[in-house]
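Below is one structure; the comments refer to it alone.
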Amino acid sequence: MSGATVRTRSGVVRGTAGGGTAVFLGIPYAAPPFGARRFREPGPVAGWGGVRECVRYGPVAPQSAELPGAPVWEPGREDVLSLNVWSPADPLTGAARPLPVLFWIHGGGYAYGSSAQPDYDGAALARAGLVVVSCNYRLGFEGFGQVPGFPANRGLLDQIAALRWVRENIAAFGGDPANVTVAGQSAGAGSAVALMAMAGAAGLFRRAIAHSVPDACFTRELAAGLAGRVAREAGVPATAEGLLSASPEALVAASDRVVAGYRADPGAGALHYDPHLYAPVVDGTVLPVDPLTAPAAGPASGSAVDLLVCHTTEEHWLMHETGGMPPVTTAEGLARFAEDYGLPPGLAAGHGALMPGAPILDVYLALAGAALFTTHSTRLARAHADAGGRAYLSRFDRRRTRADGTLVRAWHTADVPFAFGGPDAESAAFLTGGPVDDTDRALSRRMVRAWTAFASTGDPGWAPLEPGGGGTAHIWAVPEDRTESAETAVDTLWRGVRLPPKRW
Numbered sequence: 126m127s128g129a130t131v132r133t134r135s136g137v138v139r140g141t142a143g144g145g146t147a148v149f150l151g152i153p154y155a156a157p158p159f160g161a162r163r164f165r166e167p168g169p170v171a172g173w174g175g176v177r178e179c180v181r182y183g184p185v186a187p188q189s190a191e192l193p194g195a196p197v198w199e200p201g202r203e204d205v206l207s208l209n210v211w212s213p214a215d216p217l218t219g220a221a222r223p224l225p226v227l228f229w230i231h232g233g234g235y236a237y238g239s240s241a242q243p244d245y246d247g248a249a250l251a252r253a254g255l256v257v258v259s260c261n262y263r264l265g266f267e268g269f270g271q272v273p274g275f276p277a278n279r280g281l282l283d284q285i286a287a288l289r290w291v292r293e294n295i296a297a298f299g300g301d302p303a304n305v306t307v308a309g310q311s312a313g314a315g316s317a318v319a320l321m322a323m324a325g326a327a328g329l330f331r332r333a334i335a336h337s338v339p340d341a342c343f344t345r346e347l348a349a350g351l352a353g354r355v356a357r358e359a360g361v362p363a364t365a366e367g368l369l370s371a372s373p374e375a376l377v378a379a380s381d382r383v384v385a386g387y388r389a390d391p392g393a394g395a396l397h398y399d400p401h402l403y404a405p406v407v408d409g410t411v412l413p414v415d416p417l418t419a420p421a422a423g424p425a426s427g428s429a430v431d432l433l434v435c436h437t438t439e440e441h442w443l444m445h446e447t448g449g450m451p452p453v454t455t456a457e458g459l460a461r462f463a464e465d466y467g468l469p470p471g472l473a474a475g476h477g478a479l480m481p482g483a484p485i486l487d488v489y490l491a492l493a494g495a496a497l498f499t500t501h502s503t504r505l506a507r508a509h510a511d512a513g514g515r516a517y518l519s520r521f522d523r524r525r526t527r528a529d530g531t532l533v534r535a536w537h538t539a540d541v542p543f544a545f546g547g548p549d550a551e552s553a554a555f556l557t558g559g560p561v562d563d564t565d566r567a568l569s570r571r572m573v574r575a576w577t578a579f580a581s582t583g584d585p586g587w588a589p590l591e592p593g594g595g596g597t598a599h600i601w602a603v604p605e606d607r608t609e610s611a612e613t614a615v616d617t618l619w620r621g622v623r624l625p626p627k628r629w
C-alpha cells in the first residue's frame with residue numbers, strides 16, 4: 126500500500142492506501158486518561174508537528190481479556206483513546222460529494238474488547254461507500270466504575286469525545302459530518318442507545334444501528350455497591366483517594382476476582398449467571414434516564430434519530446458454548462433462574478411450551494436470551510416507533526448443519542462478520558461455525574448493502590415499524606431472507622412482563 130496523508134485539527138496523519146481504500150489507524154482523539162486526568166472526563170488531545178504515522182492500531186484500554194487476533198493491554202501504555210478511519214478512496218483525491226459516516230462502537234460487556242478486533246475491519250463497508258470510524262474507549266473500572274466526586278459513565282464520555290472529533294475532522298477524510306450513524310453490537314449497542322439519551326451527544330449523529338441490545342443499565346446504588354466490592358478486593362477504601370491509589374492493574378485484577386466470586390456463588394442472584402460489573406449508570410446527570418425504559422425521551426433522540434435494531438435468534442447459545450453462563454439442566458434450576466431474575470414463574474413454562482421436546486438447557490438458554498437481549502431489542506424498536514421515531518427491526522437467523530450433523534446456530538455476535546462483509550475471515554470462523562459458502566457470502570453482501578443504505582438515507586430496504594403496534598421484521602437467513610411479523614410468539618409471551626433491573 127502507498128501512503129495517504131490528511132491534515133486534522135491536531136496535525137497531519139499518514140495512513141496507507143490501496144485496494145480502493147485509505148486506512149488510518151490509532152489517531153488520538155483525546156488526552157491519555159491517566160495521571161492527573163484519571164477518572165475525569167476526556168481532555169483535549171495535544172497537537173503535533175510533522176507527520177504522525179497512523180498505520181497501527183492504538184493501545185487498548187486496561188482489561189484482562191486476550192482476544193484472538195487483537196492486541197492485548199500493555200500496562201503503562203496510557204494513550205488508549207484513539208480511533209481509526211477507513212475511507213473508500215485516497216481523501217486527497219476527493220469524492221463527488223461527502224460520504225455518509227458509520228461510527229462503530231465495539232462490544233465486550235463494557236469491560237473488554239477493542240476497535241482492533243479483526244471482525245471490525247471497515248474496508249468492505251468503505252468500499253460500499255461509507256467512511257467508517259471505530260474507537261477505543263475506557264472500559265471496566267476506568268470507564269464505568271463509580272468514584273466519588275468524579276463523573277460517571279466515563280466510557281460514554283469518551284465516545285462523545287470521539288464523535289466530536291468526527292464532527293471536526295471527518296470532512297478531511299471525505300466524510301459528511303452532518304450524516305453520521307452510530308452503530309454497535311452488544312455493549313456497543315447499549316452504548317449507542319445510551320448516547321441517544323445524552324445531552325452531550327445531541328446533534329452529533331442522525332441515525333443509530335443497535336445489534337443485540339443488552340439489559341444492563343445500572344442504578345447508582347448498584348454501581349456504588351459493585352465499586353465497593355471491587356475496592357475491598359483491591360484492598361483500598363471506596364473513596365476517591367483510595368481508588369486513585371489503586372493502579373489500573375490492581376483494579377482489573379480485583380474485578381476479575383469479584384466476577385469469579387459471583388460465578389462460584391449460586392446465592393448471588395442474577396449476578397451468578399451474568400456477573401458483569403460495569404455498564405452505563407443512570408446517574409441523572411451524564412445519563413439522565415434509562416434509555417431502555419424511556420427511549421426517545423432524551424435530547425438526542427426522538428423522531429430526529431432513525432433507529433435500526435437487530436438481534437440474533439439464539440443469543441445465549443454463545444454464552445453456553447464459551448462457558449459464559451453456568452448451565453441449567455433441571456426444572457428446579459430453571460425455576461431458580463427465573464426467580465433470581467425476578468421473572469414471573471409461568472414464563473419458563475411458556476418458553477417450554479414453545480419448544481416441545483426441547484431439553485431444559487435449551488429452554489433456559491432461550492429464556493436467558495430473551496431476558497438479557499431480545500426483549501430489550503424488540504421493545505426498544507417498538508417504543509421508538511411509538512414515540513414518533515422511524516424504527517426498523519430485523520433478526521439474524523442464519524443457521525447451517527455441518528457435515529458431522531451438528532448445528533451452526535444464530536448466536537450472539539454471529540451477525541457481526543456478515544454485517545462487516547468479512548464472513549470468510551479466519552478470525553470469524555468460530556462465530557460463523559466454520560467455512561462459509563456462496564449463500565453466506567450473498568447474505569453478507571445483503572447486510573452490507575442494508576447498513577450502507579440506512580447510513581446514507583435512513584432506509585435499509587424494508588418497511589419501518591408502525592406506531593401503535595403492527596409492522597414486520599426483516600429476517601436475515603440463508604439461502605434467502607424473509608419477512609415475518611414484528612411480534613413473535615416469544616414477544617407475545619413476554620408482553621406485559623416487567624423487566625426488573627439487576628440488584629446488588
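Following the numbering used here, the residues of the sequence shown are numbered contiguously, the last one being 629.
Positions of the beta carbon are idealized from the N, C-alpha and C atoms, including for glycine.
Item: Between residue 439 and residue 494, which are expected to be in contact by the criterion C-beta below 8 Å, what is the C-beta distance as a whole number of angstroms?; Value: 7 Å
Item: Per the contact definition of three or more C-beta pairs closer than 8 Å, is the stretch 146-157 in contact with the stretch 269-287?; Value: yes
Item: Please check the pair residue 319 and residue 416, which I expect to be a contact at CB under 8 Å, by giving their CB distance rounded to whole angstroms.; Value: 5 Å
Item: Is residue 323 buried or exposed, if buried means 16 or more other CB atoms sit within 10 Å of its CB?; Value: buried
Item: Please name the residue or residues paired with residue 260 in a DSSP beta bridge.; Value: 208, 230
Item: Measure the beta-carbon distance from residue 368 to residue 361 and round it to whole angstroms, keeping in mind my assumption that it falls under 8 Å.; Value: 6 Å
Item: For residue 334, write down the residues that DSSP places opposite it in a beta bridge.; Value: 308, 433
Item: Would you call the CB atoms of residue 333 and residue 317 closer than 8 Å?; Value: yes
Item: Would you call the stretch 346-358 in contact with the stretch 265-275, where contact means no fewer than 3 C-beta pairs closer than 8 Å?; Value: yes
Item: Taking residue 555 as part of the alpha helix (DSSP H), name the residues at either end of that continuous run.; Value: 554-557
Item: Is it right to say residue 620 is buried, meaning 16 or more other beta carbons lie within 10 angstroms of its own, or is it exposed?; Value: exposed
Item: Indicate whether residue 214 and residue 128 have their beta-carbon atoms separated by less than 8 Å.; Value: no
Item: Under 8 Å: do the stretch 156-170 and the stretch 243-252 share three or more Cβ pairs, one atom per stretch?; Value: no
Item: Would you check if there are 3 or more beta carbon pairs closer than 8 Å linking the stretch 588-600 to the stretch 509-519?; Value: yes
Item: Per DSSP, what are the beta-bridge partners of residue 521 in this structure?; Value: 437, 601
Item: Can you tell me which residues form a DSSP beta bridge with residue 128?; Value: 141
Item: When the Cα atoms are used, what is the spatial distance from residue 291 to residue 418?; Value: 29 Å
Item: Skipping 5 residues on each side, what residues in its chain have a beta carbon closer than 8 Å to that of residue 275?; Value: 164, 165, 365
Item: Can we say the stretch 299-312 touches the stretch 233-245, given the rule of at least three CB pairs closer than 8 Å?; Value: yes
Item: Could you tell me the alpha carbon to alpha carbon distance between residue 508 and residue 200, rounded to whole angstroms?; Value: 43 Å
Item: Expressed to the nearest angstrom, what Euclidean distance is found between the alpha-carbon atoms of residue 482 and residue 587?; Value: 35 Å
Item: Can you give me the C-alpha to C-alpha distance between residue 186 and residue 581, rounded to a whole angstrom?; Value: 31 Å
Item: Quick one: grab the DSSP three-state call for residue 319.; Value: helix
Item: Does the stretch 544-560 come close enough to the stretch 450-468 that 3 or more CB-CB pairs lie under 8 Å?; Value: no
Item: Helix, strand or coil: which one does DSSP assign to residue 224?; Value: strand
Item: Are residue 549 and residue 561 close, meaning C-beta to C-beta below 8 Å?; Value: yes
Item: When the Cα atoms are used, what is the spatial distance from residue 605 to residue 347?; Value: 44 Å
Item: Taking residue 191 as part of the alpha helix (DSSP H), name the residues at either end of that continuous run.; Value: First-last for residue 191: undefined, no H or E at that position.
Item: Can the beta-carbon of residue 552 be found closer than 8 Å to that of residue 437?; Value: no
Item: Could you pull the DSSP bridge partners for residue 526 from this structure?; Value: 532
Item: Could you tell me the distance, in whole angstroms, from the CA atom of residue 565 to the CA atom of residue 448?; Value: 27 Å
Item: Specify the secondary structure class of residue 153 as computed by DSSP and reduced to three states.; Value: strand
Item: Taking the alpha carbon of residue 162 as the point to measure from, which residue in 574, 460, 279, 342 has its own alpha carbon closest?; Value: 279
Item: Are residue 473 and residue 460 close, meaning C-beta to C-beta below 8 Å?; Value: yes
Item: How about residue 430 and residue 572: do their beta carbons lie closer than 8 Å?; Value: no
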